[in-house]
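Below you'll find the structure, written out as structure tokens, and then a few comments.
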Amino acid sequence: MVDGQSSSRVSLTVLFLCLVGWMIGGAAGVAREPSSVSSPSTQLVHEAAPLALDAAGSETNTEANTEASAEAVVVDRVADHGWCDACPTTDWSKVPAICRMPRPGNFSIPPSGPGFYSAADWISGNQRQGPPPSGYPRFAMMPPSFFDADFRYVDDLDPSDRTLVERLKRIRLHDRWMFSTGGQFWLRYMNETNSRLHPAGVKNEYTLGRVRAFGDLMYGDSARLFGEYLWAENFGFSPNPSPPEFGPLPIDVDRGDILNLFVDLKVWDGDGHPVYVRGGRQELLLGSQRLISALDWANTRRTFQGVRAFRRGEKWDADVFWVQPVIPDANSFNQADSDQNLAGAWLTHRAQPGRFLDFYYMYYANRNAVTQQEIVRSPFDLHTLGSRWTGDRDGYLWDVELAMQLGQRDSADVVAGMATAGVGRRFANTWATPTVWLYYDYASGDSDPNSGTSNTFHQLFPFGHYYMGWIDLVGRQNIHDLNAHVYFYPARWVTMFVQYHQFWLDQPTDALYNVAGAASRRDPSGEAGRHVGHEVDFVANFHLARYTDVMVGYSKLFGGRFLKDTPGPSDSELLHIMFQQKW
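Start counting at 1 in the sequence shown, then tack on 78, and there's your number in my numbering.
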């Protein structure tokens, strides 16, 4: 444990080093970018959709594409570096074992083909034949973890064609050692009207800053050491906010801490797809992220501490884990909460490129005693069993997910569930390549907290901001959400999308739960009705350079009868402007 002053000194030192890296990365986004691109398959591998790596592209990066030449590549690289013939060799095209991220819900598929893929391309007249390869998405937010950023394509680039950012990746230290480094810097301005729907009608205006820096050391395919540092700050809040509870959120501030620090060890390799055990502090991101996510919107992100075993294959991925959530602490080193335990198994099948079928079971126990709005929220023991199927065919898109929850909450038996169904259409030959989705989301609520049975679904650790409205006032608990989404690309470096939500409570006597799963407002009599209101979200992302983005968004919640007939504001607004630079 360190005091606040020592932590601040460490933070400032690391911030300085990270800003140096940021400046290097910024130059890399514009300077020394080759005008030519790699092969179409490589382009697809590293093409990125908003908020998640495009799964369809990821599927082209299978071992089947590389096995034919892998042996020759390894031999050539050994010869090029003058290593001894007797030394063990590594097929670096398979290292590290990257988790090919499933598509999130309401996904889009960005356009490809000839065009300008950044504002820098457009200004310089550099029209590319396809998107340049990158381990990072062409978007300000990056839900996947840095340890799953796929820069394996760098091995096939001529050194003179590599950007400065790419030169920081896949650095060969010896025949069995490889090192990569990188990170991210962002600033996000936030302007909230009737923030958090607080009865005082508070207007919040502040700026969030974040620096992440990672180091990744691999010993062949046998072992890996990954560490990531985080510095997160909230600028603009008064040291004595009024009302007092309106200071920075716990997920806003963390003045110097470890976001990830783990070791991977290969424990079995029987079919060319090794099984690894990962121990330490680590982010989790599984399936659609409706239940388990690293929560990139949070300034501190979300991380866990524990053990995970995983296998990555051509068609099947498997994960088994036991972890404890790490609680952000602004001025001290973060600690895992030993009163919370999450364990589970996750199986993913990819029958065809871009199609994912998930099966999962999770056990979540929380021994902390919490009561909100006269409803006992914990302690509990919950078992969640679910499945998801998503994909696309000939421009038609679909996404279905179902989950059942059983267990015990305090002295009540839990019987709850959630369901999601969405259909979409992508118009590939239309200007701006629009994608349209229509969704229905449901999560059960409880009609009587004293009945001995609890029917309120628990959303676990979700990416709720992406799914339930960007104002963050609604969570996946006691809710019906009829929502529509439209994506369009006026230029290949501009991503725009609109979300529309209509919210109703499942049970009018249960609470409205916010994005964090906290009961924020309730009418125990149920007389305020079910209609929470409707929300509209507008977001535009401008990809300025290879690793640089600006994102602008505006959201408005129009309160329905439930919000109007319960104490506090009924409407809320959010304006956000974010700049981010990866390196």
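From the three backbone atoms N, C-alpha and C, an ideal C-beta is built for every residue, glycine too.
Alpha-carbon spacing of VAL628 relative to ARG240, whole angstroms: Cα-Cα distance, rounded: 24 angstroms.
Close Cβ partners of PHE505 (< 6 angstroms) along its chain, the five nearest in sequence each way excluded: Counting only residues of its own chain and dropping the five nearest sequence neighbours on each side, PHE505 has a CB closer than 6 angstroms to the CB of PRO512.
For LEU560, three-class secondary structure by DSSP: Strand.
Supposed contact pair GLN577 and HIS563 - C-beta distance, whole angstroms, cut 8 angstroms: A Cβ-Cβ separation of about 5 angstroms places HIS563 in contact with GLN577 under the 8 angstroms criterion.
Cβ of TYR284 within 8 angstroms of any chain C Cβ: No chain C is part of this structure, which consists of one protein chain only.
Counterpart residues of LEU653 in DSSP-defined beta bridges: LEU653 pairs with ASN269 and TYR632.
ILE201 classed as buried or exposed, judged by whether at least 16 other C-beta atoms fall within 10 angstroms: ILE201 comes out exposed.
contact_flag[the segment 258 to 273, the segment 229 to 246] where n(CB pairs < 8 angstroms) is 3 or more: Contact holds: three or more Cβ-Cβ distances are below 8 angstroms.
Same chain only: Cβ atoms within 6 angstroms of MET574, ignoring 5 sequence neighbours per side: Excluding sequence neighbours, MET574 sits near PHE566 and ALA618.
Pairwise C-alpha distance: ALA408 and VAL331: Taking the CA atoms as reference points, VAL331 sits about 5 angstroms from ALA408.
Where TRP200 sits in the DSSP three-state scheme: Note: TRP200 maps to helix in three-state DSSP.
Reduced DSSP category for LYS393 - H, G, I as helix; E, B as strand; rest coil: Here LYS393 carries a coil assignment [DSSP, helix/strand/coil].
Reference HIS621, options ARG570, ASN412 and PRO645, closest by Cα: Considering only ARG570, ASN412 and PRO645, the residue with the shortest C-alpha distance to HIS621 is ARG570.
Residue of MET179, THR285 and GLY208 minimising C-alpha distance to GLY191: Its Cα nearest to that of GLY191, the residue GLY208 stands out among MET179, THR285 and GLY208.
Touch test, the segment 578 to 595 against the segment 203 to 221, Cβ-Cβ under 8 angstroms, three pairs minimum: Contact fails: fewer than three Cβ-Cβ distances are below 8 angstroms.
Residue from GLY638, LEU653, TYR520 and TRP375 with nearest C-alpha to LEU327: Cα-wise, what sits closest to LEU327 is TRP375.
Alpha helix (DSSP H) segment containing LEU242, residue limits: For LEU242, the uninterrupted alpha helix (DSSP H) run begins and ends at 242 to 245, by DSSP.
Exposure label - THR534; buried when at least 16 CB within 10 Å: For THR534, the number of other beta carbons within 10 angstroms of its own is at least 16, and it is reported as buried.
ARG181 versus GLN367: straight-line alpha-carbon distance, rounded: In this model, ARG181 and GLN367 are separated by some 9 angstroms (Cα to Cα).
Beta-carbon separation (whole angstroms), ALA497 vs LEU480, contact threshold 8 angstroms: ALA497 to LEU480, Cβ: 5 angstroms. Contact.
Identity of the residue in ASP299, TRP255 and VAL353 nearest VAL173 by Cα: Closest by alpha carbon: ASP299.
CA-to-CA distance, ASP519 to SER371, given in whole angstroms: Looking at the two C-alpha atoms, the distance is approximately 18 angstroms.
Between the CA atoms of ARG624 and TYR214 - distance to the nearest angstrom: For TYR214 and ARG624, the distance between alpha carbons rounds to 9 angstroms.
GLN413 classed as buried or exposed, judged by whether at least 16 other C-beta atoms fall within 10 angstroms: Taking all protein chains in view, the Cβ of GLN413 is surrounded by fewer than 16 other Cβ atoms within 10 Å, so the residue is classified as exposed.
Cutoff 6 angstroms; reference LEU469; Cβ partners in own chain excluding five residues on either side: Here residue 469 is Gly; the residue named in the question, Leu, does not match the sequence. For GLY469, where only same-chain residues beyond five positions count, the Cβ hits under 6 angstroms are GLY432 and ARG433.
Sub-8 angstroms separation of ALA490 and GLY530 beta-carbons: It is a contact, given that the beta carbons lie within the stated cut-off.
At least 3 beta-carbon pairs within less than 8 angstroms: the segment 596 to 610 vs the segment 457 to 465: No contact exists between the segment 596 to 610 and the segment 457 to 465.
Chain-order list of residues whose beta-carbon lies under 6 angstroms from that of ILE655 (same chain, five-residue window excluded): Its chain contains TYR267 and VAL630 as the residues whose beta carbon lies nearer than 6 angstroms to that of ILE655, once the 5 sequence neighbours on both sides are disregarded; these appear in chain order.
Anticipated Cβ contact below 8 angstroms, GLN486 with ALA521, distance rounded: With a beta-carbon spacing of about 19 angstroms, GLN486 and ALA521 fall beyond the 8 angstroms limit used to define contacts.
Runs of beta strand (DSSP E) wholly within the segment 430 to 483 (minimum 3 residues, chain order): Entirely contained in the segment 430 to 483, the beta strand (DSSP E) runs reaching 3 residues are, in chain order, 434 to 450 and 453 to 471.
Rounded C-alpha distance that separates VAL552 from ALA198: Using only the alpha carbons, I get a separation of about 38 angstroms.
Close Cβ partners of TYR439 (< 6 angstroms) along its chain, the five nearest in sequence each way excluded: Around TYR439: GLY422, ALA423 and LEU463.
Spatial neighbours of ASP417 in its chain, beta-carbon cut-off 8 angstroms, leaving aside the 5 residues before and after: The residues are ASN444, ARG445 and ASN446.
8 angstroms Cβ cutoff met for ILE453 and ALA589: By the CB criterion at 8 angstroms, ILE453 and ALA589 fall inside the cutoff.
Residue closest to THR285, alpha-carbon to alpha-carbon, out of GLY279, GLY293, ASN312 and TRP264: Comparing Cα-Cα distances from THR285 to each of GLY279, GLY293, ASN312 and TRP264, the minimum goes to ASN312.
Whole beta strand (DSSP E) elements within the segment 373 to 424, 3-residue minimum: The beta strand (DSSP E) runs of length 3 or more contained entirely in the segment 373 to 424 are, from start to end of the chain, 382 to 390 and 394 to 405.
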